[in-house]
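S.K.:
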Amino acid sequence: MIIKGMTFAEIKKAVMHDYDLQLRPLINALHITYKRKWLLNNKKDCIETITYLTTTKNKWRIVVHCTKTSVHILPYLCIETNRGIAAVHITAELSPLAVMQFNTHFFQRFRERLKLTIEKTDELIKYFFKKNLYMIPSATELENGHVQVFTPLYGGVGLGVYHEKKDFFEVKTFVDFSLLRREQINEIINIQQDIIETMIQAFDKRHGRK
Numbered sequence: 178m179i180i181k182g183m184t185f186a187e188i189k190k191a192v193m194h195d196y197d198l199q200l201r202p203l204i205n206a207l208h209i210t211y212k213r214k215w216l217l218n219n220k221k222d223c224i225e226t227i228t229y230l231t232t233t234k235n236k237w238r239i240v241v242h243c244t245k246t247s248v249h250i251l252p253y254l255c256i257e258t259n260r261g262i263a264a265v266h267i268t269a270e271l272s273p274l275a276v277m278q279f280n281t282h283f284f285q286r287f288r289e290r291l292k293l294t295i296e297k298t299d300e301l302i303k304y305f306f307k308k309n310l311y312m313i314p315s316a317t318e319l320e321n322g323h324v325q326v327f328t329p330l331y332g333g334v335g336l337g338v339y340h341e342k343k344d345f346f347e348v349k350t351f352v353d354f355s356l357l358r359r360e361q362i363n364e365i366i367n368i369q370q371d372i373i374e375t376m377i378q379a380f381d382k383r384h385g386r387k
């Protein structure tokens with residue numbers, strides 16, 4: 178179970194343990210179940226968030242987005258840190274997998290800068306992941322040697338740090354479009370489209386589609 182005070186390395190180890198033993202087979206089953214559900218529901222697209230408690234007592238939220246072309250799965254876990262509630266996400270539809278943590282400060286800025294009225298942190302996190310179904314973290318090395326995380330998101334971009342030795346992406350803050358230049362916004366939108374295409378191609382390859 179992930180508890181307050183764990184290091185990034187410990188969090189990643191716990192996440193990968195859950196994924197390897199329980200989340201991966203669950204996600205494979207959800208692809209089949211929700212495709213059947215989509216057919217029985219008159220082929221209507223849907224997006225739902227379900228919960229799953231692992232044997233390690235981690236309560237995962239799993240966003241399921243079902244459309245005509247695919248079933249997309251996005252798992253995340255709310256955790257308590259020394260600075261408040263954060264969320265850990267594993268990019269289950271990609272290979273190799275990436276583990277990302279969105280900090281408390283990130284969600285504060287996401288709420289403030291998009292002028293959201295959602296008060297409860299749990300509901301805010303749920304809203305965030307439903308709005309950001311396709312995420313791939315990008316990393317750029319800065320002049321000081323640090324590696325900055327850059328993640329295109331709904332309404333803006335997430336910024337943070339890549340901890341290379343731990344292979345862990347920490348997203349610290351959110352910058353909305355109003356703080357960016359037009360060419361920056363266009364670049365983010367283009368990157369988002371590339372991300373969606375990359376994830377769909379990865380899904381098709383995994384399930385033997387051409």
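If you count by our numbering, then the sequence shown holds residues 178 to 387, one letter each, in order.
No residue lacks a Cβ here, since even glycine has one placed at the ideal position from N, Cα and C.
1) Closest to Leu203 by CA distance: which of Lys190, Lys214, Phe185, Trp237 is it?
2) Let me know if Glu142 comes out buried or exposed under the rule of 16 or more other beta-carbons within 10 Å of its beta-carbon.
3) Shortest alpha-carbon distance to Tyr196 belongs to which of His323, Pro273, Ala263, Lys212?
4) Going by alpha carbons, who is nearest to His242 out of Arg260, Tyr229, Asp222?
5) Leaving out five residues before and five after Val348 in sequence, what residues of the same chain have Cβ atoms less than 8 Å from its Cβ?
6) In the DSSP output, which residue or residues are listed as bridge partners for Val241?
7) Got a sec? Which residues, its chain only, sit under 8 Å from Thr226 by beta carbon, not counting five neighbours each side?
8) I'd like the list of long-range same chain contacts for Met178, defined as Cβ closer than 7 Å, with 5 residues on each side in sequence excluded.
9) Identify every residue that forms a DSSP beta bridge with His340.
10) Smallest Cα separation from Ala206: which of Leu301, Val248, Lys220?
11) Let me check understanding here. Comparing Cα to Cα, which of Glu300, Met312, Thr294 lies closest to Ala275?
M.R.: Quick answer:
1) Trp237
2) With the chain running from 178 to 387 in the structure shown, residue 142 is simply not present.
3) Pro273
4) Asp222
5) Met277, Gln278, Phe279, Asn280, Phe283, Pro314, Val326, Thr328, Gly335, Leu336, Gly337
6) Glu225, Ile250
7) Arg238, Ile239, Val240, Val241, Lys303, Phe306, Lys307
8) Thr233, Lys234, Asn235
9) Phe345
10) Val248
11) Met312
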